[in-house]
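Numbering (this note's numbering), first residue to last: 177 to 363.
Think of the CB as a built atom: it goes at the ideal place given N, C-alpha and C, for glycine as much as any other residue.
All values reported here derive from a predicted model rather than from experimental measurement.
Structure, as structure tokens:
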Amino acid sequence: TKYCTDCGTALVLKAPPIGSPPGNGGGTPLDTGSGGASGPDVRQWAETVVQASSQYGIRLFSKDQILGPPDVQRPGQDGRAWCPSLAKRGTEFIVVQFARTVVPKAVRIHETASQGFVTRVEALVGGREVVIWEGADPANKSTPILEVMAAEPPPATNQIRITINTDKVRNAWTEIDAVELIGPAVA
């Protein structure tokens, strides 16, 4: 098991990338090429919310609670995470922006309150959405961090869109504490 170097929580490395060969399981980092990027991987936390479909509160549970490194140390409801306005509303989304443009190798999503609700992760590039991953989110209480990797290198970006399905969890709220983008910076 791998653990988040910032908060010590176990990582989920089971979300298979789109188009991954059978048996890959997403547990092995993929060679995504350089895509015009150079140097070591940059690890960065979301610093701006571009758009959110909804939010539960003005301060607590607001869209801005997703910014920066994780605040929530244990799974459970916590006002320091973004929460959509209703528990059972169906599809919701949030778009976050990062300081540096990178070729995404991985996106880590810190889920709280409940887990297993992320359905798609996309890179926003020049006004279009490029799917990095979509599928069944394997995150759970013991491994509440979903890490997704692209089978093919997506274009360089500094914006990520996360789509969730609030109906995927039973009698619970869906909350995201933090989003980390990892990849080599574009020169």
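{"query": "Residues bridged to N316 [DSSP beta-bridge criterion]", "result": "T319"}
{"query": "Neighbourhood of K344 by C-beta distance below 7 Å, restricted to the same chain and skipping five residues each side", "result": "G292, F293"}
{"query": "Span of the beta strand (DSSP E), counted from its first residue to its last, around T267", "result": "267-278"}
{"query": "Segment contact, 8 Å Cβ cut-off, at least three pairs: the stretch 227-240 with the stretch 317-325", "result": "no"}
{"query": "C-alpha gap between G215 and W349, whole angstroms", "result": "39 Å"}
{"query": "Opening and closing residue of the beta strand (DSSP E) in which Q335 lies", "result": "333-341"}
{"query": "Cβ-Cβ separation, T333 to V283 (assumed contact under 8 Å), whole Å", "result": "The pair is not a contact, with the Cβ atoms about 10 Å apart (cut-off 8 Å)."}
{"query": "From T342, P360, A354, I358, residue whose alpha carbon lies closest to that of G244", "result": "A354"}
{"query": "Residue closest to R250, alpha-carbon to alpha-carbon, out of V272, P360, A289, E328", "result": "A289"}
{"query": "Cutoff 7 Å: Q220 Cβ touching any chain C Cβ", "result": "The structure shown has no chain C; it contains just one protein chain."}
{"query": "Alpha-carbon to alpha-carbon, G255 and V297", "result": "23 Å"}
{"query": "Residue range of the unbroken beta strand (DSSP E) whose run includes I234", "result": "Taken as a continuous stretch (DSSP letters only), I234 belongs to no beta strand (DSSP E), as it is neither H nor E."}
{"query": "Cβ shell of T224 (< 6 Å), same chain only, five flanking positions each side left out", "result": "Q273"}
{"query": "Where D217 sits in the DSSP three-state scheme", "result": "strand"}
{"query": "Coil, strand or helix - D247 by DSSP", "result": "coil"}
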